[in-house]
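Chemist: Chains as they are written, first to last, in the working numbering: chain A, 1 to 311; chain B, 312 to 611. All C-beta atoms in this analysis are idealised placements derived from N, C-alpha and C, irrespective of residue type, glycine included. What follows is a structure written as structure tokens; I'll ask about it next.
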Amino acid sequence: MANYIQGMNQLITAYAANIPGACLYGQNLNNGTFISGLTKKLVAHPTGRVVNTGNCENTLCGVGFGMMLGGVTSIYFVKQLDFMLLGLDHFVNTYNFIRSSRDLSKLGSFTIILLVCDQGMQGAQSSGNSFGDYASLARIPCFTLTNSADADQVLRTQLTAPGFRMIALNMRHFRSEFLQLNAVYATKDSTVFQYTEGAGATIVSFNFSLPEGLAVHKAFAGAGLSASLFSVNYAPVVDWSRIKQSVAQTKRLVILDDSKSVHLPCYQLLDELHAEGLAFKRDVVTRQRIEYGVSPEPFLVDPQAIVAKLG
Amino acid sequence: MTTTMAENERKLAHDVLRIRHWQHLVNEGLKKNAFPVPLHKAFGHEAVAVAVSNAMQPQDQLALTHRNMAYNFARAGALQPIWDEYKNKPTGLGQGCLGSMNLANVGRGIVYTSSILGNNVSVACGLAMAMKMRGVEGFVTVVTGDGAMEEGSFYESLVFAKSHQLPLVFLVENNNFSMSSTIPERRCPIAIAHLCQAVDLPYCCLTGNNVFDYAARFADYRELVVKRQSPAVVEALVTNHYRHAGPTPGFPGDPMNIDMKNGLLVKASDEDPVFVLQANMKAAEFQELESQVLAEKWSD
Numbered sequence: 001m002a003n004y005i006q007g008m009n010q011l012i013t014a015y016a017a018n019i020p021g022a023c024l025y026g027q028n029l030n031n032g033t034f035i036s037g038l039t040k041k042l043v044a045h046p047t048g049r050v051v052n053t054g055n056c057e058n059t060l061c062g063v064g065f066g067m068m069l070g071g072v073t074s075i076y077f078v079k080q081l082d083f084m085l086l087g088l089d090h091f092v093n094t095y096n097f098i099r100s101s102r103d104l105s106k107l108g109s110f111t112i113i114l115l116v117c118d119q120g121m122q123g124a125q126s127s128g129n130s131f132g133d134y135a136s137l138a139r140i141p142c143f144t145l146t147n148s149a150d151a152d153q154v155l156r157t158q159l160t161a162p163g164f165r166m167i168a169l170n171m172r173h174f175r176s177e178f179l180q181l182n183a184v185y186a187t188k189d190s191t192v193f194q195y196t197e198g199a200g201a202t203i204v205s206f207n208f209s210l211p212e213g214l215a216v217h218k219a220f221a222g223a224g225l226s227a228s229l230f231s232v233n234y235a236p237v238v239d240w241s242r243i244k245q246s247v248a249q250t251k252r253l254v255i256l257d258d259s260k261s262v263h264l265p266c267y268q269l270l271d272e273l274h275a276e277g278l279a280f281k282r283d284v285v286t287r288q289r290i291e292y293g294v295s296p297e298p299f300l301v302d303p304q305a306i307v308a309k310l311g
Numbered sequence: 312m313t314t315t316m317a318e319n320e321r322k323l324a325h326d327v328l329r330i331r332h333w334q335h336l337v338n339e340g341l342k343k344n345a346f347p348v349p350l351h352k353a354f355g356h357e358a359v360a361v362a363v364s365n366a367m368q369p370q371d372q373l374a375l376t377h378r379n380m381a382y383n384f385a386r387a388g389a390l391q392p393i394w395d396e397y398k399n400k401p402t403g404l405g406q407g408c409l410g411s412m413n414l415a416n417v418g419r420g421i422v423y424t425s426s427i428l429g430n431n432v433s434v435a436c437g438l439a440m441a442m443k444m445r446g447v448e449g450f451v452t453v454v455t456g457d458g459a460m461e462e463g464s465f466y467e468s469l470v471f472a473k474s475h476q477l478p479l480v481f482l483v484e485n486n487n488f489s490m491s492s493t494i495p496e497r498r499c500p501i502a503i504a505h506l507c508q509a510v511d512l513p514y515c516c517l518t519g520n521n522v523f524d525y526a527a528r529f530a531d532y533r534e535l536v537v538k539r540q541s542p543a544v545v546e547a548l549v550t551n552h553y554r555h556a557g558p559t560p561g562f563p564g565d566p567m568n569i570d571m572k573n574g575l576l577v578k579a580s581d582e583d584p585v586f587v588l589q590a591n592m593k594a595a596e597f598q599e600l601e602s603q604v605l606a607e608k609w610s611d
């Protein structure tokens, strides 16, 4: 049975190898640990190429946008999200130039696939590992891959889609079982996935908290309540309608958000729900305050306590 | 050169004068506060801009900086769409969305223009990489400056371009200034030739503002880069006259101090490409060409 990183690696390499003319590039792509297993056995389409690069993240981000302008589709593989602090200027300025002056459908596609270090004890870089903050600052879609279903849809629809996006895996779940799920509903833009349908509670997992969401779903089932379980990605605009319908029906909302931002993406959903005047019980579980130094940064979810509070 | 000019030389001379004329027209507009966006004029950059434009083949590409006026004028067929762009009009070259500092012209090979210092060099690496992957027999020129080359991306991009043998010319317009600071006021000297030696890149320095010389040498560099499929660096020593873009009257180099009624020349020395052009042409020929350029309709 594959673990999370093995399963993701197999899906990513399979999709990447089938993109004609694509440039797959990054540091340590085809040697050493293969970016912690992310790019193991990575091969390009016969008309594309794999390019192992030096350490120059800002330039490598600019290179991707240059290839986009030159009509070439590329995927840049990155070890850690915080390396992309060096690329923010391009995400904002270069991509905004391209978006405001060119027809994206006539250009190459650019994707960055990276790892978020969220297993704690990551020290000074840790608070910079907040994926949603990049999405917000650059106003770009950012996708968190949590299981077979969202990974398959995101990779299938995004790797050759016009424009730019980032796709992230997380290190906290590296050794966990690769979740094989089926979505009962997903938005076309892959920002909202729904995995179960239930009338007793609504569980919304943000960022990489889907496994914890599944545990809460199981706890509700144990208490005789069926729950709808959602997972939400980052985007400038998220279609919340399906989740709002569910909350209106269940009147119980559980939010799980393991993001590290000061401005959590779940606040947007709560704002929307309050704006509609919906009455519901809720429990919002987020990370404890992020310490500035080295810390475990735990994301602690107690499913039984949640059920007891909302049941 | 005082013999009768060949047709291609006459075109080079015409283009230098036309760019100068258009810059004067824009400057006169600036004096009347005609534009809502800041404009970075390039009086003094005309010879190198014409040389680059002259070398470009249809498949070649150009990536520019915020001070892109001379290049955009060199590549444009008319002033009006650029004038409109400077006024944020929908009829502008970029539909009024790009303004001045990001102005590009895809149809004429200017595929990217960055208002951010140093951003365009790595994007140009990507453009050259795409060209190479698609088997296009062309090259990319990225224009940068003595200020922008202080950004780390310049050095990263030199190494990246060399490592992947990209058909790319890094053109460093050295005008000694970054905003209002001269090189000695802000950093140690950087010997670009030595830098190029360190990463095994061909290097040449253009001095003297002679458009005929610049055009011949830049065309040679195009051939070199395309043939070898490997990058090169060209440094051009330029003087940027009346460069101030802001609303501060009395600033040294204040464009309020010049007037098109006094002619196209802005400085009677070899720091002005128009002066150098005049010195290399027969007087009658220069006057005829200057009159022709001044008489050209541009509308508005």
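Taking residue 165 (chain A) as the query, report the chain B residues whose CB atoms sit under 9 Å from its CB, ordered along the chain.
Modeler: Within chain B, no residue comes near residue 165 (chain A); the closest Cβ sits about 17 Å away, beyond 9 Å.
Chemist: Locate the beta strand (DSSP E) running through residue 438 (chain B), then write down its first and last residues.
Modeler: Per DSSP, residue 438 (chain B) belongs to no beta strand (DSSP E); it is in the alpha helix (DSSP H), 430-444.
Chemist: Please confirm if residue 427 (chain B) has its CB atom under 8 Å from at least one CB of chain A.
Modeler: By this cut-off, residue 427 (chain B) is an interface position.
Chemist: Can you list the residues of chain A that residue 539 (chain B) reaches, using a CB-CB cut of under 7 Å?
Modeler: The premise fails here: residue 539 (chain B) is roughly 19 Å from chain A at the closest Cβ pair, so nothing lies under 7 Å.
Chemist: Note down the Cα distance separating residue 169 (chain A) from residue 156 (chain A), rounded to an integer number of angstroms.
Modeler: One C-alpha to the other measures close to 16 Å.
Chemist: Does any residue of chain A bring its CB to less than 8 Å from the CB of residue 367 (chain B)?
Modeler: Judged by the 8 Å Cβ criterion, residue 367 (chain B) is not in contact with chain A.
Chemist: Measure the C-alpha to C-alpha separation of residue 589 (chain B) and residue 522 (chain B) and round it to an integer number of angstroms.
Modeler: Straight-line Cα distance between these residues: approximately 11 Å.
Chemist: Using the three-state DSSP reduction, which class does residue 483 (chain B) fall into: helix, strand or coil?
Modeler: Residue 483 (chain B) falls in the strand class under three-state DSSP.
Chemist: At which residues does the alpha helix (DSSP H) containing residue 57 (chain A) begin and terminate?
Modeler: That run of the alpha helix (DSSP H) goes 57-69.
Chemist: What does residue 129 (chain A) reach in chain B if we use C-beta pairs closer than 9 Å?
Modeler: Residues of chain B passing the Cβ test: none, with the nearest at roughly 23 Å.
Chemist: Since residue 346 (chain B) and residue 400 (chain B) should fall inside the 8 Å C-beta cutoff, what is the C-beta to C-beta distance between them, to a whole number of angstroms?
Modeler: Between residue 400 (chain B) and residue 346 (chain B) the Cβ distance is about 11 Å, and since that is not below 8 Å, they are no contact.
Chemist: Give a yes or no on whether the minimum CB-CB distance between residue 441 (chain B) and chain A is below 8 Å.
Modeler: Yes, its Cβ sits closer than 8 Å to a Cβ of chain A.
Chemist: Return the bridge partner residues of residue 52 (chain A) from the DSSP annotation.
Modeler: The partner list for residue 52 (chain A) (beta bridge, DSSP) reads A:26.
Chemist: Under 6 Å Cβ to Cβ from residue 493 (chain B), same chain only, skipping five residues before and after it: list those, please.
Modeler: So the qualifying residues of the chain are 487.
Chemist: Given residue 511 (chain B), which residues of its chain have a CB within under 8 Å of its CB, disregarding the five upstream and five downstream residues?
Modeler: Excluding positions up to five away in sequence, the list reads 473.
Chemist: Looking at C-alpha atoms only, which residue of B:500, B:506 and B:448 is the closest neighbour of residue 465 (chain B)?
Modeler: When only C-alpha atoms are compared, the closest one is B:506.
Chemist: Using DSSP bridges, identify the partner residues of residue 163 (chain A).
Modeler: In DSSP, residue 163 (chain A) forms a bridge with A:109.
Chemist: Does any residue of chain B have a CB that is nearer than 8 Å to the CB of residue 111 (chain A)?
Modeler: Taking Cβ atoms only, chain B never reaches closer than 8 Å to residue 111 (chain A), which makes this a no.
Chemist: Using a C-beta to C-beta distance shorter than 9 Å, which residues of chain C count as neighbours of residue 373 (chain B)?
Modeler: This model lacks chain C altogether, as its protein chains are A and B.
Chemist: When the Cα atoms are used, what is the spatial distance from residue 136 (chain A) to residue 531 (chain B)?
Modeler: Computed Cα separation, rounded: 47 Å.
Chemist: In whole angstroms, what is the alpha-carbon distance linking residue 312 (chain B) and residue 324 (chain B)?
Modeler: Confidence is the limiting factor: at residue 312 (chain B) the pLDDT is only 47, short of 50, which leaves the residue's position unreliable, though a coordinate-based value still follows. Between residue 312 (chain B) and residue 324 (chain B), the C-alpha separation is close to 12 Å.
Chemist: Report all residues from its chain with a CB closer than 6 Å to the CB of residue 120 (chain A); omit the five preceding and five following residues, and keep chain order.
Modeler: Closer than 6 Å at the Cβ level, and outside the excluded window around residue 120 (chain A), lie 296 and 297.
Chemist: Determine the direct distance from the alpha carbon of residue 79 (chain A) to that of residue 54 (chain A), and round the result to whole angstroms.
Modeler: Their backbone Cα atoms lie some 13 Å apart in a straight line.
Chemist: Just verifying my parser: in three-state terms, what is the DSSP assignment at residue 546 (chain B)?
Modeler: Looking at residue 546 (chain B) - three-state DSSP - the assignment turns out to be strand.
Chemist: My output table needs one value for residue 230 (chain A): the three-state DSSP class, helix, strand or coil.
Modeler: In the structure shown, residue 230 (chain A) sits in a strand (DSSP, three-state: E or B).
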